[in-house]
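Trainee: Just dropping this structure here.
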Amino acid sequence: MMTEMNRTEMSNSHIERKTPMLRILALTTLLATGLTAVHADEARKALLYKNPQCGCCEGYAEYLRKNGFEVEVKPTNDLAEISRKAGVPEDLQGCHTTFIDGYVIDGHVPIKSVEKLLTERPDIAGISLPGMPMGSPGMVGEKTETFTIYAITKDGKKPAVYTTE
Numbered sequence: 013m014m015t016e017m018n019r020t021e022m023s024n025s026h027i028e029r030k031t032p033m034l035r036i037l038a039l040t041t042l043l044a045t046g047l048t049a050v051h052a053d054e055a056r057k058a059l060l061y062k063n064p065q066c067g068c069c070e071g072y073a074e075y076l077r078k079n080g081f082e083v084e085v086k087p088t089n090d091l092a093e094i095s096r097k098a099g100v101p102e103d104l105q106g107c108h109t110t111f112i113d114g115y116v117i118d119g120h121v122p123i124k125s126v127e128k129l130l131t132e133r134p135d136i137a138g139i140s141l142p143g144m145p146m147g148s149p150g151m152v153g154e155k156t157e158t159f160t161i162y163a164i165t166k167d168g169k170k171p172a173v174y175t176t177e
């Protein structure tokens, strides 16, 4: 016949066997969650090069910040050279060049296109919205036309349309 003491001993023994497994499970979950959070933070950093006198570039930096990016702004007088070295053809260059998670984003590219790039991770150098279209992120005015965002190839071939907005 089992006494109350025996039941308690059996119950404690059962708990002691499960405790290491529960600790391992909790630690694994914590590490996985922490590593994912660290990686997500790293992927959200943006380095934006701009002409020192350009105000709309600051507007684009603020736009990226509002969309969850940590933005470092670096004024430069060599913007065309930075864009060229990143593989951006002259006719696709905007008024600022941003680097995010291994990609170049040139010009006032809307966040939807940036997120598409970072999610799909195509084998391209980056994307560009050439010029300074009215109503684009960081620019004044109303959007009056569809924005054509171009893929910047790694091999210097003619850029193709990446998406439209």
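With positions in the sequence shown counted from 1, the corresponding number in the working numbering is that position plus 12.
A virtual CB, placed ideally from N, CA and C, is assigned to each residue, including glycine.
Keep in mind the model is a prediction, meaning the values are calculated, not measured.
(1) Alpha carbons only, please: which of Ser140, Thr131 and Gln65 is nearest the one belonging to Thr165?
(2) Taking 9 Å as the threshold (C-beta atoms), are Val126 and Ser95 in contact?
(3) Can the beta-carbon of Thr156 be found closer than 9 Å to that of Thr176?
(4) For Ile112, which residues in the same chain have their Cβ closer than 6 Å to its Cβ, ignoring the five residues on either side in sequence?
(5) Please state if the CB of Leu91 and the CB of Ala73 are separated by a distance shorter than 9 Å.
(6) Within the continuous beta strand (DSSP E) that includes Ser140, where are the two ends?
(7) Does the Cβ of Thr109 have 16 or more other Cβ atoms within 10 Å, making it buried, or fewer, making it exposed?
(8) Going along the chain, which residues of its own chain have a beta-carbon closer than 6 Å to the beta-carbon of Ala98, five neighbours each way excluded?
(9) Beta-carbon within less than 8 Å of Ile161's beta-carbon, same chain only, minus the 5 sequence neighbours each way: which residues are those?
(10) Just confirm the distance between the C-beta atoms of Glu154 and Gly143, as a whole number of angstroms; I'd bet it's less than 8 Å.
Mentor: With the structure as the only source:
(1) Ranked by how close their Cα comes to the Cα of Thr165, the residues Ser140, Thr131 and Gln65 have Ser140 in first place.
(2) Not in contact: Ser95 and Val126 (Cβ atoms no closer than 9 Å).
(3) Against a cut-off of 9 Å, the Cβ pair of Thr176 and Thr156 comes out as no contact.
(4) Sequence-distant Cβ neighbours of Ile112 in its own chain, meaning closer than 6 Å and more than five residues away, are Ala58.
(5) Against a cut-off of 9 Å, the Cβ pair of Leu91 and Ala73 comes out as no contact.
(6) Run containing Ser140: Gly138 to Leu141, per the beta strand (DSSP E) assignment.
(7) Buried: at least 16 other Cβ atoms inside 10 Å.
(8) Hits under 6 Å: Val116.
(9) Residues of the same chain with a CB within less than 8 Å of the CB of Ile161, apart from the 5 flanking positions on each side, are Val121, Pro122, Ser125, Ile139, Ser140, Leu141, Val173, Tyr174, Thr175, Thr176 and Glu177 in chain order.
(10) Their Cβ separation, rounded to whole angstroms, is 16 Å, which puts Glu154 and Gly143 out of contact at 8 Å.
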